[in-house]
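In this note's numbering, the protein residues as written are 3 to 657. Glycine included, each C-beta is placed from N, C-alpha and C at the ideal position. Nothing here was measured: the structure is a model prediction, and the numbers come from that model. Contents: one structure, followed by commentary.
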Amino acid sequence: MVSESTPERGFCQTEIVNGYFVHFFAPPDLPRVPKNVVFVIDRSGSMSGQKMAQTREALLAILKDIHEDDHFAIIQFDDKIDSWKESLIKATKENVDEAMKYVSGIVDNGYTNINDAVLRGVNMLVKDRQEEKLPERSIDMIILLTDGMPNAGQSNIGRIQTNVHSAMGGNMSLFCLGFGNDVEYSFLDVMSKQNKGMARRIYEGSDAAVQLQGFYEEVASPLLLEVDLRYPENAVDSLTTNHYSQLFNGSEIVVAGRLTDNDLDNFMVEVFAQGFDEDFKVQGQASAEDWDVLYPDEEYIFGDFTERLWAYLTIQQLLETSKSGTPEEKSNATAKALDMSLQYSFVTPLTSMVVTKPDTEDGPDSPLIADKLTEEQRQKEERVGYQRFQQVAAVRPVSHYYQSTPTYLVDGDPHFLIELPERDDALCFNINDKPGTIFNLVRDPIPGILVNGEIIGDKMIPPDGQINTYFWRFGIVHQSLGVRLEVSTQDIVVLQDGKQVKLLWSDNASVKGTNVDLLLTKDRSLTVTLKDSVKFVVLLHKVWAKHPYHRDYLGFYTLDSHLLSPVVHGLLGQFYHGIEYEVSELRPGEVPEKPDATMYVKGRELNVTRGWQRDFRKDVKNGENVPCWFVHSNGTGLIDGDATEYVVSGLFKTV
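Laid out in structure tokens, this is it:
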């Protein structure tokens, strides 16, 4: 382990373990660099209603925070393009007040010409630069607010990305805010990253101003431009990115690499950049410390952390190249990212963890027996998962892991999972309570839909002292259709129009009613299709009858959730119309395969852990592992209120 001397003008820290180094750079107390920003606002017809209201709200929130030393301009567009001013102007109070009045009057109309609108903003910045109307040491950026659906002018997404990248020429940054659940987010995301920026999604039905707070704080205060981190020649290789176009206040640059020799006496780290009023330079000589003396009881903190962090950063940068590079670069980056993901056992969009067990006719390994895992077993499977994946999948990439539409489910101990395919991501949390507790999962008062679930515990306390709980009974009601179902691990009872039908899990059955259809697959699944409404799937997990601890249990999956009303709620229902969150500050967790991170959601900061849960729809025995951000403490901070607020007094009760 090596610690670098901390220069007076900046903070640099280098850690070296087992031939790999990680360099952290976050200079304090630097003056911000002025920025010149052109806001390009989509006012087309597809932005009508909530999107347009959120766009105005978002821009007004940004204008309130703009710094008086900055310059700005506003362009609005549909199939026509209008500029508020012909040049950027300084952000004085008077100019900002005038701009806010202008923004308040924007209304939606026409088609969507993103290409020409963004190029108008680029040309404005270039022209003002040439005419020396902007500070010499300042940063140029464009913030595009749109739903990302070009249909006028140049409508080919690839051509638009090429045009914008060529026009910007690496001299400015593009930040995109995509509005609405149907936004072409991947188009905006790639175009932003091609131009030294980033994209953010703004969800309908949520407070746009709140969603934008974190975004604007990230880009509001640039501190350094053209940051170049240098290391001794011939002493390092396999460097992660060591040149950054800008460094913003509150952020940190991390560079990792591999040492080619162990001559630490000559390991000099240098950082060069452009500051507000002068060039910035800082250097530090690495000096070895005896970490066994400094931290005698904390060896576990270090281990192979630097190598894994180097691998993680390298994989992330390869994944970015696989999206925005040339065809050859994309292919090479994808192949290398896949290889490293498997080598270091990272779950990425290219890989998944697959665990198999031999199938026998009866006993605990029967194909129909659910595989219940302790936490210790789960962690063990993660550690060896990539090796098993290689054996059973022949290192086959999983490039379309998620379904095309969101899936909301609870299955297991009980594990709640929200799959978000538009973000290629998922959220998960557990709910722990005493056996016999009944939770409200879905409640939509407009059609009168109610889904409650009762949990059951293990037969006895296992050796690890932790009793698992999982759902064994669900009550489903659709008041408007006059439908009521009770689904348990023993049977299914349906009540409609005063008539009662009882089905057994040992049957194969298809029941078509006036307002509800049921499809029962023997000892496996029940699909409940409510007329012109949502569809539910209940899975039966049969546990070996002689198991000393576990019992049969049920999983609950929601499909077609978009057919429910905007006021739907419940432990699952509250997520049916989207959840806005951002995750950053990835760091080592208690388990090497499960890094921790900070999640920003609903105005809160939560510590979350990268883990996985299982989706059993395709494989009711083993399940399919879904990587997700795990929210601790019964989902506190992610769910509305406290988990106890969802406890109800009966299977068909609302309170």
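Test item: CB-CB of residue i and residue j under 8 Å
i, j, result
"V489", "V503", "no"
"L573", "Y472", "no"
"T114", "S46", "yes"
"P224", "R34", "yes"
"V238", "L261", "yes"
"F431", "V633", "yes"
"F545", "V530", "Reading off the sequence shown, one finds Val at residue 545, where the question assumed Phe. No, these two residues do not count as a Cβ contact at 8 Å."
"L443", "N434", "no"
"L227", "S247", "yes"
"P437", "G414", "no"
"F618", "G557", "yes"
"G112", "D67", "no"
"V185", "R203", "yes"
"I145", "L179", "yes"
"D554", "L542", "yes"
"F74", "I91", "yes"
"S343", "I317", "yes"
"V650", "I457", "no"
"Y559", "F538", "yes"
Bounding residues of the alpha helix (DSSP H) (the contiguous stretch that carries residue i)
i, result
"Q345", "P329 to Y346"
"A101", "K95 to S106"
"N454", "Per DSSP, N454 belongs to no alpha helix (DSSP H); it is in the beta strand (DSSP E), I451 to G459."
"G637", "H634 to G637"
Close Cβ partners of residue i (< 8 Å) along its chain, the five nearest in sequence each way excluded
i, result
"I77", "V40, F41, V42, I43, I83, D84, S85, W86, A119, R122, G123 and M126"
"R606", "G639"
"D493", "K504, L505, L506 and W507"
Residue span of the beta strand (DSSP E) that contains residue i, given as start and end
i, result
"D534", "Element bounds for D534: n/a, residue is neither H nor E."
"G123", "Where G123 is concerned, there is no enclosing beta strand (DSSP E), although the alpha helix (DSSP H) it sits in stretches over I116 to Q132."
"N434", "Neither: N434 is in no beta strand (DSSP E) and is coded neither H nor E."
"L521", "V518 to T523"
"V273", "M270 to Q276"
"Y559", "Y555 to L561"
"Q658", "As displayed, the chain neither begins before 3 nor continues past 657, which places residue 658 out of reach and without an answer."
"A258", "I255 to L261"
"K82", "Unbroken run through K82: none, as it is neither H nor E."
"W474", "T471 to H480"
"K596", "K596 to V603"
"R445", "I440 to D446"
"T656", "It is not in any beta strand (DSSP E) - T656 carries neither H nor E in the DSSP assignment."
"Q498", "D493 to Q498"
"E647", "Looking at the DSSP string, E647 is not in any beta strand (DSSP E), and its letter there is neither H nor E."
"G591", "Y583 to V593"
"I420", "H417 to L422"
"V109", "Note, V109: premise wrong, no beta strand (DSSP E); not H, not E."
Residue-level contact to chain C via CB, residue i, 8 Å cutoff
i, result
"T646", "Annotation note: the requested chain C is absent from the structure, which comprises a single protein chain."
Same chain, Cβ closer than 6 Å to residue i, five either side skipped, listed in chain order
i, result
"D72", "P36, K37 and A93"
"D446", "L566, S567 and V570"
"T611", "G591, K596, D598 and F632"
"L231", "N244, V257 and V273"
"R589", "D598"
"T323", "E331 and A335"
"Y22", "R260, T308, E309 and W312"
"P137", "P36"
"L487", "I478 and V496"
Close-in-space but distant-in-sequence residues of the same chain around residue i (CB under 7 Å, 5 per side omitted)
i, result
"K533", "L483, N517 and V518"
"E424", "Y187"
"Q393", "With a pLDDT of 32 at Q393, under the threshold of 50, the predicted position of this residue should be treated as unreliable, though the coordinate-derived value follows. Here the set comprises nothing."
"E587", "A599 and T600"
"C630", "L419, A428, L429, C430, G613, W614 and Q615"
"Y551", "D460, K461, M462 and P464"
"M102", "L62 and L65"
Residue i beta carbon near the ligand GTP (any heavy atom closer than 7 Å)
i, result
"S324", "Within the structure as shown, the ligand GTP is missing, as the structure has no ligands at all."
Where in the region 143 to 206 do unbroken runs of the alpha helix (DSSP H), each at least 4 residues long, occur, reported from the N-terminal end onward?
-> DSSP runs (the alpha helix (DSSP H)) wholly in the region 143 to 206: 159 to 170 and 187 to 196.
Counting only runs of 4+ residues fully inside the region 6 to 73, write out the alpha helix (DSSP H) ranges in chain order.
-> Restricted to the region 6 to 73, the alpha helix (DSSP H) segments that are unbroken, complete and at least 4 residues in length are 52 to 67, listed in chain order.
So does the region 239 to 258 actually touch the region 46 to 63, counting three or more Cβ pairs closer than 8 Å?
-> no
Mind the definition here: the region 411 to 431 touches the region 612 to 622 only if three or more C-beta pairs lie below 8 Å; say whether that holds.
-> yes
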